[in-house]
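Going by this note's numbering, the sequence shown opens with residue 13, and the numbers climb by one from there.
Every residue, glycine too, gets a C-beta built ideally from N, C-alpha and C.
Note that the coordinates shown come from a computational prediction; the quantities given were computed from them, not determined experimentally.
Written below as structure tokens is the structure these notes are about.
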Amino acid sequence: MVDFIGIERVRQLVDQAGAARLIEDLATEIAADFARWGEFDKSARHASHSAVGVIELMPTSDGRLYSFKYVNGHPKNTAEGLLTVTAFGVLADVATGYPLLLSELTVTTALRTAAMSALAARYMARRDSRSMALIGNGAQSEFQAIAFHHMLGVRELRLYDVDPAATAKLERNLAALRLEGLVVRRCASTAEAVRGADIVTTVTADKRNAVILEPSMIEPGMHLNAIGGDCPGKTELHPDILRRPGLRVVVEYAPQSRIEGEVQQMPADYPVIEFNELVAGRAAGRADATEVTLFDSVGFALEDFSALRYLHRLHRAQPGLHEHVDLVPALADPKNLFSLIGPAARVAAQERRPRLAAGTRS
Ligand SMILES: NC(=O)c1ccc[n+]([C@@H]2O[C@H](COP(=O)([O-])OP(=O)(O)OC[C@H]3O[C@@H](n4cnc5c(N)ncnc54)[C@H](O)[C@@H]3O)[C@@H](O)[C@H]2O)c1
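Put into structure tokens, the structure is as follows:
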């Protein structure tokens with residue numbers, strides 16, 4: 013039997029831990045995995061592009077566990093009442109090749125992206141950072157707000173989205189959370205939101221080379237957490253920001269980021285630092301209080317590996333609530349796969365069918 017984490021189960025797990033704590037725990041797991049970077053199989057994700065979006069597969073392995081994520085990105089979806097980003101994934105045992113866990117990853121992607129953003133900012137943002145502009149107030153935005161409030165001590169959020177309803181939704185959700193000491197300000201433009209902010213998070217969705225941030229908006233000492241530019245032809249920063257002298261750019265995995273990140277706009281030898289170098293102490297995230305730093309985030313398979321393993325551990329710690337899916341046959345004789353569909357098995361298979369659709373609990 014393969015363990016199963018669906019939307020309801022992930023909701024329970026977040027409820028039990030609390031979103032802020034769960035994000036911080038995830039950040040700890042992700043950091044520990046980046047610290048053993050050399051143990052992982054690494055490849056740029058496999059992307060299948062269409063005129064309206066992308067479907068991507070993100071595999072990795074540390075030699076003991078293997079994982080992959082299926083994820084899409086369709087910015088036009090919200091106009092049709094659908095999410096821009098959905099995802100699911102598998103954690104498997106390398107020794108047998110058997111899947112261990114099939115999990116939703118839509119909510120989990122938002123949690124792990126927020127964890128990764130805040131983790132990078134801990135290395136890169138000024139220690140005294142207290143205000144953050146949050147540009148793009150859609151599905152990912154609450155998770156980013158919670159992570160930066162909890163892990164960085166951000167106490168002022170300046171919100172802007174071209175869709176006022178998205179900002180109103182974010183404001184409502186944040187008000188209900190009553191995050192300690194947090195002041196939320198609605199802004200009339202990106203420029204207004206960014207002015208004077210210590211940290212700028214861009215998490216917009218648009219299938220083009222958008223210019224969310226312009227060079228004139230960038231102030232000394234800012235940390236830019238650019239999340240929404242994550243596909244060829246889909247960026248958020250004016251290229252002159254990347255040409256700014258002394259800009260420090262950190263990416264997750266350079267071969268993938270040069271295809272998908274903001275740095276796709278720059279030549280192949282454009283200098284970037286990989287995040288694992290910060291964790292290992294081989295590079296600094298910031299030189300001084302005036303430097304401008306950019307975390308050019310696209311999302312890397314290792315972050316989903318960490319998240320799947322972490323969720324699996326939480327899930328298995330509560331055996332009563334343990335849900336399975338009937339995905340891999342359990343056979344007395346592994347060479348007799350036909351026993352599952354032969355005449356003798358027909359009755360048992362008929363009985364099993366309704367449980368297949370609903371999943372089963374142990
Ligand atoms: N780097 C990562 O690891 C990672 C992970 C998840 C999602 N993403 C990316 O983050 C982005 C946001 O994802 P989401 O799930 O929140 O999408 P979403 O569609 O729910 O929200 C995006 C928001 O951006 C707003 N927006 C679009 N253009 C804008 C502009 N010019 N100025 C201000 N706001 C603008 C939209 O109105 C919308 O509210 C997507 O591009 C997605 O691909 C990246």
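CB of residue 277 to nearest heavy atom of ligand 1: below 6 Å? Outside the cutoff, so no.
Considering only residues of the same chain and omitting the five flanking positions on each side of residue 371, which have a CB-CB separation below 7 Å? Note on residue 371: pLDDT 46, under 50, position unreliable in the model; the coordinate value appears next. Once the five neighbours on either side are set aside, the close Cβ partners of residue 371 are 16, 335, 336, 337.
Counting C-beta neighbours from all protein chains within 10 Å, is the total for residue 347 16 or more, i.e. buried, or is it exposed? Counting other Cβ atoms within 10 Å of its Cβ, residue 347 stays below 16 and is therefore classed as exposed.
Taking Cβ positions, are residue 131 and residue 155 nearer each other than 7 Å? With a cutoff of 7 Å on beta-carbon distance, residue 131 and residue 155 are scored as not near each other.
Looking only at DSSP bridge pairs, what is residue 144 linked to? Under DSSP, residue 144 forms a beta bridge with 169, 211.
Boundaries (first-last residue) of the beta strand (DSSP E) holding residue 82: Run containing residue 82: 77-85, per the beta strand (DSSP E) assignment.
CB of residue 230 to nearest heavy atom of ligand 1: below 6 Å? Incorrect: residue 230 has no Cβ contact closer than 6 Å to ligand 1.
Alpha carbon of residue 263 to alpha carbon of residue 59, nearest angstrom: Residue 263 and residue 59: Cα-Cα distance of roughly 19 Å.
Can you give me the Cβ contacts of residue 301 inside the same chain, cut-off strictly under 6 Å, excluding the 5 residues immediately before and after it? Excluding sequence neighbours, residue 301 sits near 138, 233.
The beta strand (DSSP E) that contains residue 305, what's its start and end? Where residue 305 is concerned, the enclosing beta strand (DSSP E) starts and stops at 305-308.
Beta carbon of residue 39 nearer than 7 Å to that of residue 127: Cβ atoms of residue 39 and residue 127: closer than 7 Å.
Counting Cβ pairs closer than 8 Å, one from the stretch 90-108 and one from the stretch 262-281, do we hit at least three? Because the criterion of three Cβ pairs below 8 Å is not met, the stretch 90-108 and the stretch 262-281 do not touch.
Would you list the one or two residues that DSSP bridges to residue 243? Looking at the DSSP output, residue 243 shares a beta bridge with 246.
Which residue's Cα is closest to the Cα of residue 50: 327, 106, 292? When only C-alpha atoms are compared, the closest one is 292.
For residue 327, the first and last residue of its enclosing alpha helix (DSSP H): Boundaries of the alpha helix (DSSP H) around residue 327: 313-328.
If the criterion is Cβ atoms closer than 7 Å, does the pair residue 225 and residue 198 meet it? Not a contact, by the Cβ cut-off of 7 Å.
Residue range of the beta strand (DSSP E) that includes residue 71: Run containing residue 71: 66-73, per the beta strand (DSSP E) assignment.
Beta-carbon separation (whole angstroms), residue 316 vs residue 79, contact threshold 8 Å: The Cβ separation is near 6 Å, so the contact holds.
Starting from the C-beta of residue 65, find all residues in its chain whose C-beta is less than 8 Å away, skip the five residues before and the five after it, and write them out in chain order. Sequence-distant Cβ neighbours of residue 65 in its own chain, meaning closer than 8 Å and more than five residues away, are 84, 85, 86, 87, 88, 89, 219.
Please report the straight-line C-alpha distance between residue 204 and residue 134, rounded to a whole angstrom. Going by the C-alpha atoms only, they are around 25 Å apart.
Whether residue 196 touches residue 148 by CB criterion (7 Å): Result no, Cβ atoms of residue 196 and residue 148 do not sit closer than 7 Å.
Would you check whether ligand 1 has a heavy atom nearer than 6 Å to the C-beta of residue 152? It does: the Cβ of residue 152 is within 6 Å (strictly closer) of some heavy atom of ligand 1.
Run of the alpha helix (DSSP H) containing residue 192, from where it starts to where it stops: Element bounds for residue 192: n/a, residue is neither H nor E.
Take the Cβ of residue 309 as the centre, count every other Cβ of all protein chains shown within 10 Å, and call the residue buried at 16 or more, exposed below. That one is buried.
For ligand 1, is there any heavy atom lying closer than 6 Å to the beta carbon of residue 119? False, no ligand heavy atom lies under 6 Å from that Cβ.
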